[in-house]
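Note sheet for the following structure.
Number of protein chains: 2
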Amino acid sequence: METGTPCTLCPLRRRRGFKPLDEPALAALQALKRGEMTVPAGGAILSEGETSCRLYTVLSGWAIRYKSLPDGRRQIMNILLPGDLVGLQGELMAAPAHGVEAVTEVRLCAFARSSLWDIFRGHPELGYDLTWLAAHEERLLDEALLSVGRRSAIERIAMVLVHLYRRAAAVGLERDGTVPFPLTQTHLADLMGLSPVHVNRTLQALRKRQLIRLHDGRLAIGDLSALRRVAEYWEQPAAQRPLL
Amino acid sequence: METGTPCTLCPLRRRRGFKPLDEPALAALQALKRGEMTVPAGGAILSEGETSCRLYTVLSGWAIRYKSLPDGRRQIMNILLPGDLVGLQGELMAAPAHGVEAVTEVRLCAFARSSLWDIFRGHPELGYDLTWLAAHEERLLDEALLSVGRRSAIERIAMVLVHLYRRAAAVGLERDGTVPFPLTQTHLADLMGLSPVHVNRTLQALRKRQLIRLHDGRLAIGDLSALRRVAEYWEQPAAQRPLL
DNA sequence: CGTTGATTTGAGTAAGATCAAGTCGGGTGG
DNA sequence: CCACCCGACTTGATCTTACTCAAATCAACG
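Protein chains in written order, with the numbering used here: chain A, 174 to 417; chain B, 174 to 417.
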């Protein structure tokens with residue numbers, strides 16, 4: 174665990190799309206920061222059932238939040254991108270019922286979980302932001318549940334690709350019409366409640382229709398509106414989000 | 174909209190399972206309360222896409238929170254029971270992307286949404302509780318997503334029955350080994366991502382195995398541990414929850 | 001090279017959807 | 001009282017989507 178960049182210089186915070194924070198709040202946040210941490214690709218950030226005394230913000234890299242059944246079936250609940258909070262989800266102070274695993278190498282900004290309470294007391298606006306983030310995460314889950322419960326395989330895949338493209342672009346990962354895409358087809362399967370084989374065939378169908386391109390770890394969308402139409406997906410304009 | 178019971182006398186608040194609130198916090202809450210409201214069975218509490226300036230707590234009755242696709246397919250995100258908050262989910266101040274509908278007659282306690290900010294500023298402990306509730310809801314969604322994504326039909330139905338039984342019992346709805354169960358099989362289908370016909374056959378299978386009984390609107394569980402085993406479901410002990 | 005993980009392809013199958021009736025019970029109006 | 005209607009629940013038959021199993025390909029890497 175190293176000290177890392179001070180919050181005032183955090184490169185993420187500069188990005189459009191993140192709500193600017195005023196000087197005192199930033200200072201308070203800095204005071205709570207416990208350092209930075211790097212987890213290698215494939216490494217565990219949180220283990221299912223194990224309590225962590227830390228709370229993290231993803232600074233860079235991709236991670237997955239998942240739950241699994243005793244027999245090994247696994248469901249990915251969400252993909253974590255830079256700016257996302259790790260560890261808020263599981264019942265504020267209790268053991269999380271989910272694991273978090275790095276997909277690529279992940280850089281994290283760590284806070285002491287016990288300082289949560291200080292945030293609420295000392296900086297109500299940060300407490301509000303925290304709740305905003307929780308409500309936002311819930312909205313992502315709603316969308317995922319709708320997909321898995323009611324969309325067909327091709328709709329689900331189209332949906333998740335549009336959605337991840339937008340999220341990645343929103344945190345500045347877009348480069349000439351592509352975003353990095355480190356997920357394997359097995360990840361997509363576990364994310365959308367499908368088998369890996371079926372994901373493969375579905376991706377082929379989308380490629381054949383020229384809707385997407387997927388080359389050396391990057392994703393490009395051929396025809397956004399057509400892809401959205403396939404997914405029956407109309408996203409709401411993204412509000413500026415807080416960053417802790 | 175009537176004035177209703179003062180928060181200090183709220184019958185829900187007496188129940189074991191709800192965290193007691195101290196005098197000043199209770200008074201603050203009372204000050205924000207805008208009255209009570211009754212919605213008939215089948216009535217809309219929130220419409221998809223429509224902004225509401227209110228925030229509600231369910232006092233009695235059952236409701237569903239759902240999203241739907243343009244072609245009419247519907248996914249229920251959660252069942253709302255007494256003590257649950259309505260309207261926190263959708264991006265704190267923005268239009269909710271979901272609807273909420275009464276299943277039975279529902280009695281609601283209303284707050285002005287604009288007072289959310291006052292809560293955080295004036296009563297950090299209430300702000301914390303709010304976040305706790307959001308994190309808790311997220312946990313419910315996690316469980317639902319795992320079910321719909323990775324559990325078989327019989328596992329899903331077993332799971333949801335165990336889960337709803339516990340939740341209903343936790344808010345005092347249990348009477349000699351049964352809880353009220355106002356959901357139709359179509360509700361269960363929309364909740365678990367199945368067709369109504371298949372829900373019917375699956376319920377029959379559970380009944381044949383003596384695991385559940387479902388009579389005149391009440392649910393009884395024949396063999397809890399067996400039902401849990403079917404569902405591959407091990408729930409964590411319920412912590413005391415806050416009530417707003 | 002041999003190994004390892006990801007992707008691809010093919011063949012057979014099963015879980016659950018869809019379609020179509022039909023039943024049951026509780027109102028409602030004549 | 002009875003005919004009717006409506007919604008929820010049942011049942012049977014058929015069909016489709018997506019799963020499973022198995023094996024081949026491919027690229028990266030030591």
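The beta carbon of each residue, even a glycine, is placed where N, CA and C say it ideally should be.
Secondary structure of residue i, DSSP reduced to three states
| i | result |
| --- | --- |
| residue 282 of chain A | strand |
| residue 333 of chain B | helix |
| residue 338 of chain A | helix |
| residue 174 of chain A | coil |
| residue 388 of chain B | strand |
| residue 245 of chain B | coil |
| residue 381 of chain B | helix |
| residue 375 of chain A | helix |
| residue 301 of chain B | helix |
| residue 352 of chain A | strand |
| residue 398 of chain A | helix |
| residue 274 of chain A | strand |
| residue 437 of chain A | Residue coverage of chain A in this structure runs from 174 to 417, which leaves residue 437 of chain A outside it and unanswerable. |
| residue 219 of chain A | strand |
| residue 230 of chain B | strand |
| residue 253 of chain A | strand |
| residue 314 of chain A | helix |
| residue 294 of chain B | helix |
| residue 403 of chain B | helix |
| residue 214 of chain A | coil |
| residue 259 of chain B | strand |
| residue 414 of chain A | strand |
| residue 441 of chain B | One cannot answer for residue 441 of chain B here, as it falls past the ends of chain B, which runs 174 to 417. |
| residue 268 of chain B | coil |
Residue i burial status per 10 Å Cβ neighbour count (16 or more: buried)
| i | result |
| --- | --- |
| residue 329 of chain A | buried |
| residue 192 of chain A | exposed |
| residue 182 of chain A | exposed |
| residue 180 of chain B | buried |
| residue 408 of chain B | exposed |
| residue 175 of chain A | exposed |
| residue 413 of chain A | exposed |
| residue 323 of chain A | buried |
| residue 216 of chain A | exposed |
| residue 272 of chain B | buried |
| residue 383 of chain A | exposed |
| residue 320 of chain B | buried |
| residue 381 of chain A | exposed |
| residue 370 of chain B | exposed |
| residue 285 of chain B | exposed |
| residue 177 of chain A | buried |
| residue 415 of chain A | buried |
| residue 351 of chain A | buried |
| residue 388 of chain B | exposed |
Expected contact under 8 Å - CB spacing of residue i and residue j to nearest Å
| i | j | result |
| --- | --- | --- |
| residue 258 of chain B | residue 306 of chain B | 6 Å |
| residue 253 of chain B | residue 237 of chain B | 7 Å |
| residue 417 of chain A | residue 291 of chain A | With 8 Å as the limit, residue 417 of chain A and residue 291 of chain A do not qualify as a contact, their Cβ atoms being about 13 Å apart. |
| residue 251 of chain B | residue 313 of chain B | 6 Å |
| residue 355 of chain B | residue 276 of chain B | 5 Å |
Within chain B, the residues that residue i reaches when beta carbons sit closer than 8 Å
| i | result |
| --- | --- |
| residue 310 of chain A | 311 |
Where residue i meets chain A, residues with beta-carbon distance less than 7 Å
| i | result |
| --- | --- |
| residue 240 of chain B | 315 and 319 |
| residue 303 of chain B | 304 |
| residue 261 of chain B | 308 |
Neighbour list for residue i in chain A, Cβ cutoff strictly below 9 Å
| i | result |
| --- | --- |
| residue 270 of chain B | 312, 315, 316 and 409 |
| residue 243 of chain B | 405 and 407 |
| residue 267 of chain B | 409 and 412 |
Beta-carbon neighbours of residue i, restricted to chain B and to distances below 9 Å
| i | result |
| --- | --- |
| residue 246 of chain A | 319, 322, 323, 324 and 405 |
| residue 174 of chain A | Ordered by position in chain B, no residue passes the 9 Å Cβ test against residue 174 of chain A, which lies about 25 Å from the chain. |
Partners in chain A for residue i, counting only beta-carbon separations shorter than 8 Å
| i | result |
| --- | --- |
| residue 300 of chain B | 293, 297, 300, 301 and 304 |
Residue i CB to nearest heavy atom of the ligand PLP below 8 Å
| i | result |
| --- | --- |
| residue 340 of chain A | Although the ligand PLP was asked about, the structure shown includes no ligands whatsoever. |
*Taking only beta carbons into account, state which residues of the stretch 394–406 of chain B come closer than 7 Å to chain A, listed in chain order.*
405
*If contact means a Cβ-Cβ distance below 7 Å, which residues of the stretch 326–342 of chain A contact chain B?*
Listed by position along the chain: nothing, the set is empty.
*asked:* Against chain B, which members of the stretch 364–383 of chain A pass a CB distance test of less than 7 Å?
replied: Contact residues of the stretch 364–383 of chain A toward chain B are 366 (C-beta to C-beta distance below 7 Å).
*For the stretch 187–219 of chain B, which residues have a beta carbon sitting closer than 8 Å to at least one beta carbon of chain A?*
Residues: none.
*Contacting positions in the stretch 275–290 of chain A - beta carbon closer than 9 Å to chain B*: 289 and 290
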